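Here the sequence shown is numbered in our numbering, starting from 49 and rising by one per residue.
Comments concern the structure below.
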Amino acid sequence: MAMLISANVSYAQSKKETVDKIVKEATENSQLENLAHELLDVVGPRLVGSPLMKQANDWAVAKYATWGISAKNEQWGEWRGWERGISHIDMVYPRIKSLEGTQLAWSPSTKGKAVVGEMVIYPDLPDSVSFKSWLPSVKGKFVMFSMNQPTGRPDYNWQEFATPESFEKMKSSRTKQTDAWRSRISKTGLNLKALALAFESAGALGVVTSNWSSGFGVNKIFGANTTKIPSIDISLEDYGLLYRLTESGHKPKISVNVGSKELGVVPTFNTIAEIKGSEKPNEYVILSAHFDSWDGGTGATDNGTGTITMMEAIRILKKIYPNPKRTILVGHWGSEEQGLNGSRAFVEDHPEIVKNIQVVFNQDNGTGRVVNLGGQGFLNSYAYLGRWLSMVPEDIRKQIATTFPGTPGGGGSDYASFVAAGAPAFSLSSNSWSYGTYTWHTNRDTYDKIVFDDVRSNAILTAILAYMASEDPETTSKEKSVLPVNARNGEPGSWPQPVKATRKGGLN
Ligand SMILES: [Zn+2]
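The structure is reproduced here in structure tokens:
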């Protein structure tokens with residue numbers, strides 16, 4: 049009977065055996081938990097230009113070496129070097145309370161001592177002239193210039209428990225308040241950055257914001273706008289406390305001790321790992337995930353999970369499929385958060401690779417199972433992605449909605465750097481697990497938010513897609529679809545064009 053099996057069936061059969069081994073290795077010998085612990089807990093967040101980013105680059109190269117996979121750190125640019133230190137923020141009057149808050153990335157330090165002062169709320173002034181005459185009053189004070197949120201409960205919580213009338217009332221008064229706050233700021237004639245610098249020049253002790261992320265206990269933590277005085281973000285709860293005490297005339301004082309180090313201009317890297325192809329070494333299957341993060345949490349889901357997915361996938365491939373036909377390369381990009389800089393630089397620096405890309409798979413929207421895969425406008429993507437997906441186990445494949453040929457992404461994550469260069473690059477898009485509210489760029493993007501079963505499923509999916517892409521007898525078609533006419537302006541749709549990487553950043 050065996051002799052009668054057709055060539056096709058035996059091809060599928062041998063593929064199936066490898067796929068089964070991939071699933072077994074991922075399930076029975078998962079390294080995801082270890083990788084997450086070492087990267088997120090031991091190394092920590094990975095702000096561009098920070099020593100921890102470089103530590104992560106070095107950790108990955110060393111980890112790959114233990115798996116017998118060659119890897120290197122490839123410099124693509126330079127950035128302002130800054131190292132986060134302590135953030136100790138306490139209310140010291142009218143009573144003592146340690147506050148939940150942190151300095152923003154690149155905040156100036158308080159030079160090893162605590163700075164104590166009263167709060168002042170940026171008032172509603174009629175115009176830029178009155179703003180200028182009010183400005184000297186910030187001298188020696190901490191300036192609060194975020195709106196005080198009317199509720200610390202997320203809308204879903206109101207939806208569940210409030211009366212409909214009460215929920216509507218809260219929302220409409222919040223909208224009014226938000227509009228009024230926006231106009232309060234805009235009447236100064238300055239944007240937020242210029243405003244922070246104006247407070248600084250006028251002798252403020254620091255600027256205090258609360259960038260609430262609309263969920264329980266979550267704030268987004270981005271970069272500072274000040275150059276001499278600290279920029280700190282305080283949790284909604286503690287910011288509200290200070291705000292109300294200030295409004296009611298109780299003159300609260302806070303003590304702020306934030307440390308940080310300026311490290312000059314430092315080199316910044318992509319970490320590149322690869323298993324050389326045995327038949328077509330100059331054709332590339334690229335697994336892609338940015339390595340950097342914001343630093344309010346540890347970048348667990350943005351993009352620790354994408355990072356460990358790609359590491360785990362290639363680890364499994366090295367073990368099960370050590371001699372791929374095409375080269376399998378993992379790109380751990382730097383400075384995605386400031387504009388896809390690491391991947392754009394890679395595309396610029398490696399035209400020889402980019403023109404020979406079989407496929408790029410990028411993952412960068414959280415810890416969830418992959419549920420969407422679009423064709424990015426590549427006309428024939430349906431054929432090869434469909435062929436490869438057909439080997440993915442049913443329980444993983446059935447969750448993935450596909451869109452062909454789809455539309456090319458102009459940004460959002462690193463696949464766009466490749467799409468803009470005409471390379472077939474795709475986004476393995478996850479279900480949300482409340483990513484936008486709770487983990488994306490927040491202080492709560494930490495190890496405990498990882499859903500390891502979902503990440504495991506993604507590692508299996510990625511390893512199988514990479515395996516099938518490497519084995520495929522056909523080189524992928526790069527033919528682009530004609531994009532539909534833009535409904536708003538009647539212009540023909542146009543494909544995204546490459547954008548230059550910022551090679552020297554954060555210096556102003
Ligand atoms: Zn990201």
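Idealized CB from N, CA, C, for every residue including glycine.
Predicted model only: the values in this text are computed from it and were never measured.
In this chain, PHE264 is not harboured by any alpha helix (DSSP H), its DSSP state being neither H nor E. THR158 sits in coil when the DSSP states are folded into three classes, being neither helix nor strand. Going by DSSP, LYS217 is part of no beta strand (DSSP E) but of the alpha helix (DSSP H) stretching over 212-234. Secondary structure note for GLU166: its beta strand (DSSP E) is the uninterrupted segment 163-169.
CA-CA distance, LEU87 to GLY416, rounds to 19 Å.
Annotated three-state conformation of LEU290 is helix, per DSSP. Boundaries of the alpha helix (DSSP H) around GLU208: 203-209. Set against 7 Å, the gap from the CB of ASN389 to the closest heavy atom of ligand 1 is not smaller. Looking at the DSSP output, GLU396 bridges to nothing. Relative to ligand 1, the nearest heavy atom lies less than 7 Å away from the CB of HIS338.
Per DSSP, the continuous alpha helix (DSSP H) segment holding GLU360 begins and ends at 353-368. Residue environment: VAL57 is assigned as exposed (fewer than 16 neighbouring CB atoms within 10 Å of its CB, all protein chains considered). Near ligand 1, meaning a Cβ closer than 5 Å to any of its heavy atoms, lie the following residues in chain order: ASP350, ASN351, ASP412. Non-local C-beta neighbours of PRO142 in its own chain, meaning closer than 8 Å and more than five positions away in sequence, comprise LEU293, HIS298, LYS299, PRO300, ordered along the chain.
Excluding the 5 residues flanking it on each side, ALA210 has same chain C-beta neighbours closer than 8 Å at MET218, in chain order.
Within the same chain, ALA549 come within 7 Å of GLU396 by CB-CB distance, once the 5 residues on both sides are set aside. By the neighbour-count criterion, in which a residue is buried when 16 or more other Cβ atoms sit within 10 angstroms of its Cβ, LYS497 is buried. Closest option to ILE134, judged by alpha-carbon separation, among LEU243, GLY307, TYR170, ARG222: GLY307. Look at the beta carbons and you see the stretch 242-262 touching the stretch 184-196: at least three pairs across the two are nearer than 8 Å. Counted as a single uninterrupted DSSP element, the stretch harbouring VAL177 is not any beta strand (DSSP E) but the alpha helix (DSSP H) occupying residues 176-182. Looking at the DSSP output, LYS528 bridges to PHE426.
Here the stretch 109-117 lies against the stretch 321-332, with 3 or more beta-carbon pairs under 8 Å apart.
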